[in-house]
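Number of protein chains: 2
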Amino acid sequence: MQISELSDRSGLTVQTIKFYIREGLLPRGTAAGATRAEYGAGHLERLRLIRALREVGDLPVAAIRRILAAVEDGGAGPHELLGAAQHAIGPHVAVPDDPHWRAAREDVDALVRELGWQVSPHAPARDLLARTFVALRRLGFPITLTDLRPYVRAAADMAEHEVGRVARDGPGTRSVHALLVSTLLYEQVLTALHRLAQEDAASRHFDGN
Amino acid sequence: MQISELSDRSGLTVQTIKFYIREGLLPRGTAAGATRAEYGAGHLERLRLIRALREVGDLPVAAIRRILAAVEDGGAGPHELLGAAQHAIGPHVAVPDDPHWRAAREDVDALVRELGWQVSPHAPARDLLARTFVALRRLGFPITLTDLRPYVRAAADMAEHEVGRVARDGPGTRSVHALLVSTLLYEQVLTALHRLAQEDAASRHFDGN
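In structure tokens form, the structure reads like this:
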């Protein structure tokens, strides 16, 4: 298809598509004459992924470039790929060199060990979790393992559901997209549902409904 | 206490504290002489909340001002307060006037009705959820009620746990802080745990561990 059709079908302007090509997020089309290029279904799928990462994941172009590079690196299996994509997604929390942070990070590492979870020691989510521990402690709401239990269970259930679905579909670009989508979009699904559920629970507990 | 002690105990610089006073996030101290002001425990608690909202919730000053105004409005019960705080937190998704969006928003409203959840029709989380539906459909992963079930269950369990805890402690500023903390910080706890659990699930499903 030509770039105008690619624009129609992706919902992105020709200008935006050209920007993504210049930024290295989208491969050039195949030359089909002096001024025309031909684009395929792969281009469209890639554009849809970029759009979702941009609009809903709210990720900067540089992070998307790293994610796409991880997806493209054909040598990696789905597990490595997920790790690479998660590393690219970040967020990379700046870790100050202070004893509260070190203690929180040790708590996170102990928790992961205790749960028996197989997770890279460099996973950015470890620092993300440590940051919440520091903030909760500072606010006077130190987190305990009992407090964490419902969240751990929810996280494990969701992850099992998501990865199980991808594993059944077999490997391939589409499965990897599905996993990225799970990570980013379903986290937003959950955030939105959590807020709705909180309002409902508050209504039942406080208004005597 | 004087501003220097407030600074020590909150971990914020005197400059930052003065900025928050100018921005109306923190009440002035009580005058105690021509150039001195006296601050109390309420100031410290407020500063800790602001710091958490800024650093972990990553919220702009204007959103924090709206949240604090909601918390201060003594007339509201915990349910109204939670609604007001959630409204202030946003995010306020810009809703384009197009049929895909309208359909997604109708799906969200139907879901909330079906679940029997008591939620304001203006809750920003409705549009947040609708946005993920639009993005997932566009990516070729339309969401079904079956896909949503584990997320709905996780969200409801967490909300029940959080609101139940606050309800037991009785109303009061601290309970409201606890609920805000739940909304913002525990969502990040869950995001981090979700990513760790995904990596673990991928390791078990794909690497034959």
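Protein chains in written order, with the working numbering: chain F, 1 to 209; chain Z, 1 to 209.
Think of the CB as a built atom: it goes at the ideal place given N, C-alpha and C, for glycine as much as any other residue.
Quick caveat, the model's predicted, so the values are computed rather than measured.
*Check each residue of the segment 43–56 of chain Z: if its Cβ is closer than 9 Å to any Cβ of chain F, include it; give the result in chain order.*
Cβ contacts with chain F: Glu45, Arg48, Leu49, Arg51, Ala52, Glu55 and Val56.
*asked:* Cutting at 7 Å between CB atoms, please list the residues of its own chain near F/Thr30, excluding the five before and the five after it.
replied: Excluding five sequence positions before and after F/Thr30, the CB atoms of its chain that fall closer than 7 Å to its own CB belong to Ala37 and Glu38, given in chain order.
*According to the Cβ coordinates, are Z/Arg210 and Z/Glu23 closer than 9 Å?*
As displayed, chain Z neither begins before 1 nor continues past 209, which places residue 210 of chain Z out of reach and without an answer.
*Nearest-angstrom Cα distance between F/Val71 and F/Gln86?*
Rounded to whole angstroms, F/Val71 and F/Gln86 show a C-alpha spacing of 11 Å.
*State the Cα-Cα distance for the pair F/Leu49 and F/Pro60, rounded to the nearest angstrom.*
When rounded, the distance between both Cα atoms is 13 Å.
*Is any beta-carbon of chain C found at less than 9 Å from that of Z/Leu145?*
In the displayed structure, chain C is absent; the protein chains listed are F and Z.
*Taking just the CA atoms, how far does F/Ile3 sit from F/Asp28?*
The identity of residue 28 of chain F in the sequence shown is Arg, whereas the question assumes Asp. If I take the Cα positions, the gap works out to 11 Å.
*Hey, F/Thr13 and Z/Ala192: beta-carbon distance below 9 Å or not?*
No, the Cβ-Cβ distance between F/Thr13 and Z/Ala192 is not below 9 Å.
*From this set, F/Leu129, F/His205 and F/Asp58, which residue's C-alpha is nearest F/Ile143's C-alpha?*
Closest by alpha carbon: F/Leu129.
*Note down, in chain order, every chain Z residue with its Cβ under 9 Å from the Cβ of F/Arg183.*
Reading the sequence as shown, one finds Thr at residue 183 of chain F and not Arg. Per Cβ cutoff of 9 Å: His194, Arg195 and Gln198.
*Assign F/Ala123 to buried or exposed, taking buried as 16 or more other Cβ atoms, counted over all protein chains shown, within 10 Å of its Cβ.*
Taking all protein chains shown into account, F/Ala123 has 16 or more neighbouring C-beta atoms within 10 Å of its C-beta and is therefore buried.
*At a Cβ threshold of 9 Å, is F/Thr132 touching chain Z?*
Closer than 9 Å: yes.
*asked:* Which residues in chain Z have a C-beta closer than 7 Å to the C-beta of F/Ala202? List them in chain order.
replied: Result: Pro78, His79, Leu82 and Val163.
*Quick one: give me the first and last residue of the alpha helix (DSSP H) that Z/Tyr39 is part of.*
Neither: Z/Tyr39 is in no alpha helix (DSSP H) and is coded neither H nor E.
_Proximal residues of chain Z, C-beta to C-beta of F/Trp117 below 8 Å_ = Under a criterion of Cβ atoms nearer than 8 Å, the residues of chain Z adjacent to F/Trp117 are, in order, Leu196, Ala197, Glu199 and Asp200.
_Z/Ala159 beta carbon less than 9 Å from that of F/Asp200_ = Closer than 9 Å, so yes.
_Determine, for Z/Pro150, whether the minimum Cβ-Cβ distance to residues of chain F falls below 9 Å._
So, interface residue.
*asked:* Can you pull the chain F neighbours of Z/Gln86, defined as C-beta to C-beta under 9 Å?
replied: Within chain F, Arg195, Gln198 and Glu199 have C-beta atoms less than 9 Å from the C-beta of Z/Gln86, given in sequence order.
*asked:* The alpha helix (DSSP H) that contains F/Phe19, what's its start and end?
replied: Val14 to Arg22 is the extent of the alpha helix (DSSP H) around F/Phe19.
*Does any CB atom of chain F fall closer than 9 Å to the CB of Z/Leu128?*
At least one chain F Cβ lies under 9 Å of Z/Leu128.
_Any beta carbon of chain F sitting closer than 9 Å to that of Z/Val61?_
No, its Cβ sits nowhere closer than 9 Å to a Cβ of chain F.
_Z/Arg138 versus F/Pro96: straight-line alpha-carbon distance, rounded_ = Z/Arg138 and F/Pro96: Cα-Cα distance of roughly 40 Å.
_According to DSSP, F/Ala155 sits in a beta bridge with which residue or residues?_
In the DSSP output, where bridge partners are listed per residue, F/Ala155 has none listed.
*Mind checking who Z/Thr30 pairs with in its DSSP beta bridge?*
Answer by DSSP bridge pairing, in chain order: Z/Glu38.
*asked:* Is there a C-beta anywhere in chain Z that falls below 9 Å from the one on F/Met158?
replied: Cβ-Cβ to chain Z under 9 Å: yes for F/Met158.
*Whole angstroms is fine: what's the gap from F/Gly11's alpha carbon to F/Pro121's?*
Their backbone Cα atoms lie some 40 Å apart in a straight line.
_Taking the straight line between their C-alpha atoms, what separation do you get for F/Val93 and Z/Ala32?_
Annotation: F/Val93 to Z/Ala32 spans about 41 Å, alpha carbon to alpha carbon.
_Under 9 Å, CB to CB, which of the residues in the segment 18–44 of chain F have a partner in chain Z?_
Residues passing the 9 Å Cβ filter: none.
_Beta-carbon within less than 7 Å of Z/Ala63's beta-carbon, same chain only, minus the 5 sequence neighbours each way: which residues are those?_
These residues qualify, in order along the chain: Ala88, Ile89 and Gly90.
*Pairwise C-alpha distance: F/Met1 and F/Ala34*: A straight line joining the alpha-carbon of F/Ala34 with that of F/Met1 spans about 16 Å.
_On the CB-based measure, 16 or more other CB atoms within 10 Å of its CB, does Z/Asp127 come out buried or exposed?_
With 16 or more other Cβ atoms inside 10 Å of its own Cβ, Z/Asp127 counts as buried.
*Give a yes or no on whether 9 Å exceeds the smallest Cβ distance from Z/Glu106 to chain F.*
Taking Cβ atoms only, chain F never reaches closer than 9 Å to Z/Glu106, which makes this a no.
_Three-state class that DSSP yields for F/His194 in the structure shown_ = In the structure shown, F/His194 falls within a helical segment according to DSSP collapsed to helix, strand and coil.
*9 Å Cβ cutoff, Z/Leu6 in contact with chain F*: At a cut-off of 9 Å, the C-beta of Z/Leu6 has no neighbouring C-beta in chain F.
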